[in-house]
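Numbering (the numbering used here), first residue to last: 2 to 272.
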């Protein structure tokens, strides 16, 4: 199992307390940005057309079977991640984030399948909640690799709290008839931007970036498939929809991240 040297405090390196404080500061800034945007823009409700997916076919009694069953790709990625937990190259500090990534991926597959059987705002909560935890775990692990290994401990809690808060706020406000998706949007978009910046700008402490690049390219394709859901469905003669493809590609994205964690090696060659 790969391991990294224990953190060494020095005048040129911030203490763990500072790293943890910076992580909570980031979460506070995100909330502050949401407050400012809400002041100027007002609440942002979930648009009703979001639930209007192209593939509405029923198969073997399963409503919207295409969008339901393609979540098996995400489930497979999560189960594979769980199967490599003892062989993945992780520090002790990274293992909680890895465990969250595995569990949240499996829950995302189940939550998304549940949502797509009857797409509504209340069921969408159970799709978005675990998906937000997946992104929190991914960002934590990439911060630890790219910036400082201590982020594996310091960043996980604030990112999880922030993600849950975004989904919970939207769910509660929707139930009150005044839906506000803005905090969720700030968290989701901010996480995606940070993931891209960390991959594109900062060199990692391990070798194996090909897995990360494969994940990044597939994620772009996934977003395009989601955007052109109906167009892809029509172009394929009502065989495959863009949202069907999105789920399959999401499974590939997460599998590539697990591949990175399984096969990465320290750049200094220490095993």
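Beta carbons are placed, not taken as given, at the ideal position from N, Cα and C, and that holds for glycine.
Here DSSP, grouped into helix, strand and coil, assigns residue 231 to helix. Put simply, of 210, 226, 265, 191 the residue whose alpha carbon is nearest the alpha carbon of residue 29 is 191.
Taken in chain order, the complete alpha helix (DSSP H) segments of 4 residues or longer contained in the stretch 112-196 are 122-147, 152-155, 157-176. By the criterion of a C-beta distance shorter than 8 Å, residue 232 is surrounded in its chain by 243, once the five residues flanking it on both sides are discounted. Cβ-Cβ distances below 6 Å link residue 262 to 89 in the same chain, with the five nearest sequence neighbours on each side left out; the list follows chain order. Residue 214 counts as exposed, since fewer than 16 other C-beta atoms from the protein chains shown sit within 10 angstroms of its C-beta. Rounded to whole angstroms, residue 221 and residue 248 show a C-alpha spacing of 13 Å.
Residue environment analysis places residue 159 among the buried positions, since at least 16 neighbouring C-beta atoms fall within 10 angstroms of its C-beta. Judged by DSSP in its simplified three-state form, residue 46 adopts coil rather than helix or strand.
Rounded to the nearest whole angstrom, the CA to CA distance from residue 197 to residue 134 is 17 Å.
Residue 265 and residue 207 have their C-alpha atoms spaced approximately 6 Å apart. Taking each of 94, 155, 254 in turn and checking the Cα distance to residue 223, the smallest one comes out for 254. In terms of Cβ geometry, residue 20 and residue 211 do not form a close pair [threshold 7 Å].
Distances from the alpha-carbon of residue 130 to those of 101, 168, 136, 153 put 168 closest. In the structure shown, residue 203 falls within a coil segment according to DSSP collapsed to helix, strand and coil. Of the residues assessed, residue 107 falls on the buried side of the cut-off, its CB having 16 or more other CB atoms within 10 angstroms. Taking a C-beta distance under 7 Å as the contact criterion, residue 183 and residue 34 do not qualify as a contact pair. 126 is the residue among 126, 178, 202, 143 whose C-alpha sits nearest the C-alpha of residue 165.
Residue 180 and residue 44 have their C-alpha atoms roughly 7 Å apart.
By the Cβ test, the stretch 107-118 is in contact with the stretch 57-72, since at least three Cβ pairs between them sit closer than 8 Å. Between residue 53 and residue 68, the C-beta spacing is not below 7 Å. In this structure, the beta-carbon distance from residue 141 to residue 93 does not fall below 7 Å. Contact between residue 78 and residue 209 fails: their C-beta atoms lie close to 17 Å from each other, not under 8 Å.
Between residue 123 and the set 60, 63, 177, 230, the nearest pair of CA atoms involves 177. Residue 205 has its alpha-carbon roughly 5 Å from the corresponding atom of residue 147.
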